[in-house]
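For the record, the sequence lines run as chains G and U.
Start counting the first sequence at 2; every next residue gets the next number (my numbering).
Start counting the second sequence at 10; every next residue gets the next number (my numbering).
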Amino acid sequence: KAGVTQTPRYLIKTRGQQVTLSCSPISGHRSVSWYQQTPGQGLQFLFEYFSETQRNKGNFPGRFSGRQFSNSRSEMNVSTLELGDSALYLCASSGVTGGTDTQYFGPGTRLTVL
Amino acid sequence: AQSVTQLDSQVPVFEEAPVELRCNYSSSVSVYLFWYVQYPNQGLQLLLKYLSGSTLVKGINGFEAEFNKSQTSFHLRKPSVHISDTAEYFCAVSEAGTASKLTFGTGTRLQVTL
């Protein structure tokens, strides 16, 4: 089975711009979660989508949004980028594997905001 | 809400020595517990998980962890480490019943030297 894929792997933007990141989950997985990883704040949960609906949301401003398509692929959008948005954005898909719910992570998208 | 504390930010150890990475959690509800490993410039790889049942959990690469409910701990151990185990290790918790919204600890850097 193919793993979780994220595109692009690296991205450089300037303050004020917006960015869209993409995540394709493991085949058969219907849940996609997004996390932000920074040296200062560590790994923080952004949101989770399940069957095209946002099921959980972390404590991030409204500039961070997402969506999920009918094929379970998910996109995350950040508008009006700030320097502090520079981070590794990780996507994880989960589904019942071997009878238990398990979350698998993609390689991440490294976003640099200049 | 849940929280995770990883007591050691860095753990230096010689190759072939045993190691224990400590993790304590706090939660008012039943939880699932996970250990992930992150190699440089990569995403997170699941090492092992505790969902229910036996409190001693065995994972990949020779790692194991023991769930201690009374001490709210989930320490990770390996009897003999290898240079290739050098990486960042994250303990994570989720509310029991779902693994799609994880709360992570701040990570422990395991540095294995000859």
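We treat Cβ as the ideally placed atom computed from N, Cα and C, and that holds for glycine.
Quick check on residue i - is its C-beta less than 8 Å from some C-beta in chain A?
i, result
"residue 85 of chain U", "No chain A appears in this structure, whose protein chains are G and U."
Can you give the Cα-Cα distance for residue i and residue j, rounded to whole angstroms?
i, j, result
"residue 54 of chain G", "residue 76 of chain G", "12 Å"
"residue 35 of chain U", "residue 10 of chain U", "8 Å"
"residue 30 of chain U", "residue 98 of chain U", "8 Å"
"residue 14 of chain G", "residue 89 of chain G", "14 Å"
"residue 43 of chain U", "residue 107 of chain G", "17 Å"
"residue 79 of chain G", "residue 25 of chain U", "45 Å"
"residue 59 of chain G", "residue 82 of chain U", "25 Å"
"residue 113 of chain G", "residue 57 of chain G", "26 Å"
"residue 23 of chain G", "residue 71 of chain U", "34 Å"
"residue 100 of chain U", "residue 85 of chain G", "25 Å"
"residue 54 of chain U", "residue 5 of chain G", "11 Å"
"residue 111 of chain G", "residue 87 of chain G", "8 Å"
"residue 41 of chain G", "residue 61 of chain G", "15 Å"
Where DSSP assigns a beta bridge to residue i, which residues make up the other side?
i, result
"residue 13 of chain G", "G:113"
"residue 21 of chain U", "U:120"
"residue 101 of chain U", "U:43 and U:113"
"residue 86 of chain U", "U:29 and U:73"
"residue 68 of chain G", "G:76"
"residue 81 of chain G", "Looking at the DSSP assignment, residue 81 of chain G forms no beta bridge with any residue, so it has no partner."
"residue 61 of chain U", "Partner(s): none; residue 61 of chain U has no beta bridge."
Looking only at C-alpha atoms, which of the options sits nearest to residue i?
i, options, result
"residue 108 of chain U", "G:50, G:86 and G:83", "G:50"
"residue 17 of chain U", "U:28, U:72 and U:41", "U:28"
"residue 81 of chain G", "G:57, G:65, G:4 and G:19", "G:19"
"residue 91 of chain G", "G:64, G:37, G:97 and G:115", "G:37"
"residue 120 of chain U", "U:54, U:15 and U:23", "U:23"
"residue 45 of chain U", "U:106, U:85, U:89 and U:122", "U:85"
"residue 2 of chain U", "U:56, U:106, U:48 and U:14", "There is simply no residue 2 of chain U to check, as chain U begins at 10 and stops at 123 in what is shown."
Under 8 Å between the Cβ atoms of residue i and residue j?
i, j, result
"residue 58 of chain U", "residue 66 of chain U", "yes"
"residue 12 of chain U", "residue 112 of chain U", "yes"
"residue 30 of chain G", "residue 73 of chain G", "yes"
"residue 95 of chain U", "residue 76 of chain U", "no"
"residue 110 of chain U", "residue 66 of chain G", "no"
Next on the checklist: Check whether the region 5–16 of chain G and the region 37–46 of chain G are in contact - that is, three or more C-beta pairs closer than 8 Å.
Outcome noted: no
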